[in-house]
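For the sequence shown, this note's numbering begins at 287 and goes up steadily by one.
For reference, the structure is listed below as structure tokens.
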Amino acid sequence: MRRLLLGLLLALCLPATAQAGVRVVSAFYYPWYGTSAADGAYEHWAQLGHTPPNDIASSYYPMGGLYSSSDAIVVGEQMKEIRDAGIDEIAVSWWGKGSPEDARLGEVVAAAHADGIAVAAHLEPYAGRSVASTVEDLAYLRTYGITTYYVYRPFDFPVADWAAAKAALHGGGVTLFGQTGLVGAAAAAGFDGIYTYDIVTYAANTFRRLCAQARAKHLLCAPSVGPGYDARRGSGDPRIKRRRNGATYDSMWKMAIASGADRITITSFNEWHEGTQIEPAAPAGRHGAYRYLSYNGAWGLHGQAAELSYLARTRYWSDVFRRTSPLQLNTSAS
Numbered sequence: 287m288r289r290l291l292l293g294l295l296l297a298l299c300l301p302a303t304a305q306a307g308v309r310v311v312s313a314f315y316y317p318w319y320g321t322s323a324a325d326g327a328y329e330h331w332a333q334l335g336h337t338p339p340n341d342i343a344s345s346y347y348p349m350g351g352l353y354s355s356s357d358a359i360v361v362g363e364q365m366k367e368i369r370d371a372g373i374d375e376i377a378v379s380w381w382g383k384g385s386p387e388d389a390r391l392g393e394v395v396a397a398a399h400a401d402g403i404a405v406a407a408h409l410e411p412y413a414g415r416s417v418a419s420t421v422e423d424l425a426y427l428r429t430y431g432i433t434t435y436y437v438y439r440p441f442d443f444p445v446a447d448w449a450a451a452k453a454a455l456h457g458g459g460v461t462l463f464g465q466t467g468l469v470g471a472a473a474a475a476g477f478d479g480i481y482t483y484d485i486v487t488y489a490a491n492t493f494r495r496l497c498a499q500a501r502a503k504h505l506l507c508a509p510s511v512g513p514g515y516d517a518r519r520g521s522g523d524p525r526i527k528r529r530r531n532g533a534t535y536d537s538m539w540k541m542a543i544a545s546g547a548d549r550i551t552i553t554s555f556n557e558w559h560e561g562t563q564i565e566p567a568a569p570a571g572r573h574g575a576y577r578y579l580s581y582n583g584a585w586g587l588h589g590q591a592a593e594l595s596y597l598a599r600t601r602y603w604s605d606v607f608r609r610t611s612p613l614q615l616n617t618s619a620s
């Protein structure tokens with residue numbers, strides 16, 4: 287029923303899909319969730335002292351309930367939703383060899399490829415990470431066929447260290463994006479492009495400037511759009527970027543397209559801790575003693591249609607990105 291409703295939403299409000307691959311849309315994807323039944327513990331749902339299944343580390347609650355990223359059926363359904371949303375690539379959160387995310391990577395890659403989705407790696411700041419270890423990581427991850435990498439917080443290490451490793455990092459057709467607004471530093475370090483990830487720090491009105499600077503340095507520009515941010519239950523961060531019934535997501539997409547972006551990255555498909563997810567959320571209501579937010583009212587939709595609305599809207603904007611000149615858009619941002 288859920289997939290049928292999503293299909294109806296797409297058919298009613300979206301133009302025909304362009305051929306994939308002309309411009310890339312990539313979504314950050316998190317394979318780090320666990321349940322007591324599947325994994326022996328509620329991994330990540332219990333972050334910050336929460337006690338699942340009713341009390342979880344998110345201001346939203348998943349529509350299908352708490353899930354395990356080790357469950358092949360769950361991962362397969364997620365990939366179908368990602369494909370139907372017009373997303374070309376997932377950037378899988380990866381925390382080093384031997385991590386739970388690494389253990390699940392093979393299954394995620396297989397499921398993604400089965401639905402025609404490319405896989406990139408989002409290299410996170412795991413304990414002991416260095417430029418030298420990143421060189422080793424890329425050699426390891428290429429065994430999964432991964433050649434596109436997003437490096438989160440690259441300037442935890444000096445620019446000179448990245449520049450010295452440039453030849454080792456770029457073998458085998460690798461494309462390396464650095465998460466930064468320091469375009470000159472990214473160019474000096476030898477990155478191929480930049481992305482922003484943080485949708486609070488890098489608002490929509492920064493995209494035009496960043497992409498212009500990237501073009502001047504011959505770098506790719508992959509600004510990150512997102513629906514909103516609310517990490518109060520996930521990390522205790524008091525900052526909030528409200529969804530505004532979908533207006534925040536629309537504004538970020540418009541400005542990313544108008545900036546002349548080479549690709550657009552989405553923060554995120556399923557980062558529930560920070561409230562940036564576009565994965566379907568449960569309707570407004572209580573789970574036990576706790577009341578969670580919902581997508582109700584997004585684009586004037588209510589009920590289950592609202593909970594699926596961010597996937598449908600992603601499909602719409604992905605198509606606009608591939609088909610429409612940025613000059614044809616109303617680029618006002620709020």
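By construction, the Cβ of each residue, glycine as well, lies at the ideal position given by its N, Cα and C atoms.
Here the structure is a predicted model, which means the values were calculated and not measured.
Whether residue i touches residue j by CB criterion (9 Å)
i	j	result
Leu-468	Thr-420	no
Phe-555	Ile-342	no
Tyr-430	His-408	no
His-241	His-330	The structure shown does not extend to residue 241, since the chain is modelled only from 287 through 620, so no value can be given for it.
Leu-505	Ile-543	no
Ala-313	Ile-373	yes
Thr-551	Ser-510	yes
Leu-579	Asp-516	yes
Thr-433	Gly-458	yes
Cys-497	Ser-537	no
Arg-529	Val-486	no
Gly-520	Ser-345	yes
Tyr-596	Glu-565	yes
Tyr-315	Leu-352	no
Ala-425	Lys-452	no
Ala-398	Arg-601	no
Tyr-319	Ser-355	yes
Thr-553	Tyr-483	yes
Arg-501	Arg-309	no
Asn-531	Gly-571	no
Pro-348	Ser-322	no
Trp-448	Phe-477	yes
Val-460	Arg-428	yes
Val-340	Tyr-488	Residue identity check: residue 340 is Asn in the sequence provided, not Val. No, Cβ-Cβ distance for Asn-340 and Tyr-488 is not below 9 Å.
Residue range of the beta strand (DSSP E) that includes residue i
i	result
Gly-464	461 to 465
Ala-508	506 to 508
Ala-313	310 to 315
Arg-549	549 to 552
Val-437	434 to 437
Delimiting residues of the alpha helix (DSSP H) encompassing residue i
i	result
Trp-585	No alpha helix (DSSP H) holds Trp-585; DSSP gives it neither H nor E.
Ser-537	533 to 544
Thr-600	595 to 609
Ala-498	493 to 502
Asp-447	445 to 450
Per DSSP, cross-strand counterpart(s) of residue i
i	result
His-456	According to DSSP, His-456 bridges with nothing at all.
Asp-423	Its beta-bridge partners do not exist; DSSP assigns none.
Ile-342	BP columns for Ile-342 are empty, so no partner.
Ala-406	Ala-377
His-573	Tyr-576
Ala-567	Pro-348
Gly-520	Paired residues: none, contrary to the question.
Tyr-481	Gln-465 and Ala-508
Val-515	Rather than Val, the amino acid found at residue 515 in this sequence is Tyr. Paired residues: Lys-527.
Presumed contact (8 Å Cβ cut-off) between residue i and residue j, rounded CB distance
i	j	result
Asp-325	Arg-369	The pair is not a contact, with the Cβ atoms about 26 Å apart (cut-off 8 Å).
Pro-317	Val-405	So it is not a contact: roughly 11 Å between Cβ atoms.
Gly-382	Arg-415	7 Å
Ala-472	Ala-508	In fact, because the Cβ distance is near 11 Å, the residues do not count as touching under 8 Å.
Ala-567	Tyr-581	6 Å
Gly-512	Thr-562	5 Å
Val-437	Leu-462	7 Å
Lys-527	Gly-514	5 Å
Gly-522	Leu-334	6 Å
Val-360	Phe-607	Not confirmed; about 28 Å, so no contact.
Cutoff 9 Å: residue i Cβ touching any chain C Cβ
i	result
Lys-527	No chain C appears in the structure shown, which is made up of a single protein chain.
Residue i Cβ short of 8 Å to the ligand FAD heavy atom set
i	result
Trp-381	Only the bare structure without any ligand can be found here, which leaves the ligand FAD out of the picture.
**Q.** Ordered list of beta strand (DSSP E) runs contained in the stretch 321 to 403, each at least 3 residues
**A.** If we require 3 residues or more, the beta strand (DSSP E) runs fully inside the stretch 321 to 403 come out as 375 to 380.
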